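What follows is a single structure, written as structure tokens, with notes after it.
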Amino acid sequence: MNIGCKPCMDSERQKLLLEISKVDFALKELNLYLDTHPYDQQGMENFRQYNALKNKLVKDYTEKYGPLVLSIVDMDSREWKWATQDWPWEGGYN
Amino acid sequence: MWNYEKRLQYPVKITQTNPKIAQVIISQYGGPDGELAASMRYLAQRYTMPYNTVAGVLTDIGTEELAHFEMICAIVYQLTRNLTPEEIKESGFDKYYVDHTLALWPQAAGGIPFNACEFQSKGDVITDLMEDMAAEQKARTTYDNILRLVKDPEVCDPIKFLRAREIVHFQRFGESLRIAQENLDSRNFYAFNPEFDK
Numbered sequence: 009m010n011i012g013c014k015p016c017m018d019s020e021r022q023k024l025l026l027e028i029s030k031v032d033f034a035l036k037e038l039n040l041y042l043d044t045h046p047y048d049q050q051g052m053e054n055f056r057q058y059n060a061l062k063n064k065l066v067k068d069y070t071e072k073y074g075p076l077v078l079s080i081v082d083m084d085s086r087e088w089k090w091a092t093q094d095w096p097w098e099g100g101y102n
Numbered sequence: 467m468w469n470y471e472k473r474l475q476y477p478v479k480i481t482q483t484n485p486k487i488a489q490v491i492i493s494q495y496g497g498p499d500g501e502l503a504a505s506m507r508y509l510a511q512r513y514t515m516p517y518n519t520v521a522g523v524l525t526d527i528g529t530e531e532l533a534h535f536e537m538i539c540a541i542v543y544q545l546t547r548n549l550t551p552e553e554i555k556e557s558g559f560d561k562y563y564v565d566h567t568l569a570l571w572p573q574a575a576g577g578i579p580f581n582a583c584e585f586q587s588k589g590d591v592i593t594d595l596m597e598d599m600a601a602e603q604k605a606r607t608t609y610d611n612i613l614r615l616v617k618d619p620e621v622c623d624p625i626k627f628l629r630a631r632e633i634v635h636f637q638r639f640g641e642s643l644r645i646a647q648e649n650l651d652s653r654n655f656y657a658f659n660p661e662f663d664k
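Chains as they are written, first to last, in the numbering used here: chain A, 9 to 102; chain B, 467 to 664.
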């Protein structure tokens, strides 16, 4: 049975979240690589750059759509979107 | 301690339910070579690991495995969402349903509950890292077995991502073993156990 996409997200939001996932994937790969190559200067420099990019993208996403992490939340909102918005396993976004 | 990120490591968006295949995939949640066992194995082994870099690998891969069983649970959840009693009966999902309804519970495909006996925390660097490398290969084989049974590209896609991660983790554990051996007696790696003999 077809249950459809729940709830369908606008494509801009989906695109930004995918971008965050891609950057975070690079960070995870660098994280594991650096654990066993802890003096690789290029690896550390790449980590710094991707980390700055991820923080920027997560901040953009939070301002436009809602929080992904509790360390970056929109405190001007009158709604605790962390809890009111769908969780990731619903498949509506991510 | 840990922080939660409100997203999956890789997208899971399944539009066609399939309780039959859900019963197979759930093995990578609570089965012998599943992601839950992987996470608990690495996070348990790290406390007595004498090399900081290797304890880092155990911590960071153990953490990534938490995100992996979240993905597996999301797949199973989406494959069994809104099932009717008829669909449950026809697919053979009734034996799971009677105990758990449509909730997630860690078990192997054959119904055996998650069991810590599936993994070891032995307290010996060579033994534990060899176990970890084998575990990654066993999980990779399980994903290969799943991919032979699944045809839906919406299910195959995240499964292929998880399969690829097993290979990367195997590589990092191999490097961890090399780091450990560089710290041991090169004439006899078994001369002493650095997790016990001081």
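Virtual Cβ for every residue (Gly too), placed ideally from N, Cα, C.
Small disclaimer: the values here were computed from a predicted structure and weren't measured.
Contacts of residue i in chain A (Cβ-Cβ under 9 Å)
i, result
"B:Gln603", "Going along chain A, no residue has its Cβ under 9 Å from B:Gln603, so there is no contact; the nearest lies around 17 Å."
"B:Ser642", "Asp43 and Thr44"
"B:Gln489", "What B:Gln489 touches in chain A: nothing, since even the nearest Cβ is about 17 Å away."
"B:Cys539", "Trp97"
"B:Arg638", "Leu40, Tyr41, Asp43 and Thr44"
Separation of residue j from residue i, as counted between CA atoms
i, j, result
"B:Leu568", "A:Ala91", "22 Å"
"A:Phe33", "B:Asn649", "31 Å"
"B:Asp590", "B:Asp610", "30 Å"
"A:Phe55", "B:Gly522", "16 Å"
"A:Lys64", "A:Leu26", "14 Å"
"B:Val542", "A:Leu78", "27 Å"
"B:Tyr562", "B:Gln573", "10 Å"
"B:Asn581", "B:Asp598", "17 Å"
"B:Asp499", "B:Lys604", "6 Å"
"B:Asp663", "B:Thr525", "23 Å"
"B:Glu556", "B:Thr550", "10 Å"
"A:Met9", "A:Glu53", "Unreliable positioning characterises A:Met9 in this predicted model, as indicated by a pLDDT of 46, which lies under 50. The coordinate reading is nonetheless provided below. Rounded to the nearest angstrom, the two C-alpha atoms are 48 Å apart."
"B:Glu620", "A:Asp18", "19 Å"
"B:Arg638", "B:Gln511", "16 Å"
"B:Asn518", "B:Asp565", "43 Å"
"B:Gln586", "B:Gly558", "33 Å"
"B:Tyr495", "B:Cys583", "15 Å"
"B:Met515", "B:Ile527", "14 Å"
"A:Lys30", "B:Gln475", "9 Å"
"B:Tyr470", "B:Arg653", "45 Å"
"B:Leu643", "B:Cys539", "31 Å"
8 Å Cβ cut-off: residues of chain B touching residue i
i, result
"A:Asn39", "Asp526"
Residues that residue i contacts on chain A, provided the C-beta gap is smaller than 8 Å
i, result
"B:Asn469", "Val77, Leu78 and Ser79"
"B:Val523", "Leu40, Asp43 and Thr44"
Neighbourhood of residue i by C-beta distance below 8 Å, restricted to the same chain and skipping five residues each side
i, result
"B:Arg606", "Arg629, Glu632, Ile633 and Phe636"
"B:Gln647", "Ile592 and Phe655"
"B:Ile625", "Ile491, Ile541, Tyr609, Ile612, Leu613 and Val616"
Residues of its chain near residue i, where Cβ-Cβ distance is below 6 Å and the 5 sequence neighbours each way are ignored
i, result
"A:Asp94", "Gly100"
"B:Gln544", "Ile480"
"B:Asp651", "Ala657"
Residues near residue i in its chain [Cβ-Cβ closer than 7 Å; skip 5 each side]
i, result
"A:Gly12", "With a pLDDT of only 44 at A:Gly12, under the threshold of 50, the placement of this residue in the model should not be trusted, and no figure is reported."
"A:Gly51", "Leu38, Tyr41, Leu42 and His45"
"B:Asn484", "Leu545 and Asp618"
"B:Cys622", "Leu613 and Val616"
"A:Ile111", "The requested residue 111 of chain A is not part of the displayed model; chain A covers only 9 to 102."
"A:Tyr73", "Arg21"
"A:Lys89", "Gly74 and Pro75"
"B:Ile666", "In this structure chain B extends from 467 to 664, so residue 666 of chain B is not present and cannot be described."
"A:Lys14", "Residue placement at A:Lys14 is flagged as unreliable, the pLDDT there being 46, under the threshold of 50; the coordinate-derived value follows with that caveat. The answer, listed in chain order, is Glu98, Gly99 and Gly100."
Residues that DSSP places opposite residue i in a beta bridge
i, result
"B:Pro579", "B:Gln573"
"A:Val77", "A:Ile80"
Chain-ordered neighbours of residue i on chain A, where CB pairs are closer than 7 Å
i, result
"B:Ile480", "Gly99"
"B:Glu530", "Lys36"
"B:Gln647", "Within chain A, no residue comes near B:Gln647; the closest Cβ sits about 13 Å away, beyond 7 Å."
"B:Tyr543", "Trp97"
"B:Thr519", "Asp43, Thr44 and Pro46"
"B:Ala510", "Within 7 Å Cβ-Cβ: nothing; B:Ala510 doesn't reach chain A, min ~18 Å."
Interface residues of chain B facing residue i [CB-CB closer than 7 Å]
i, result
"A:Leu25", "Arg473"
Proximal chain B residues relative to residue i, where beta-carbon distance stays under 9 Å
i, result
"A:Ser29", "Arg473, Leu474, Gln475, Tyr476 and Pro477"
Cβ contact check for the region 498 to 511 of chain B and the region 593 to 605 of chain B: 3 or more pairs under 8 Å:
yes
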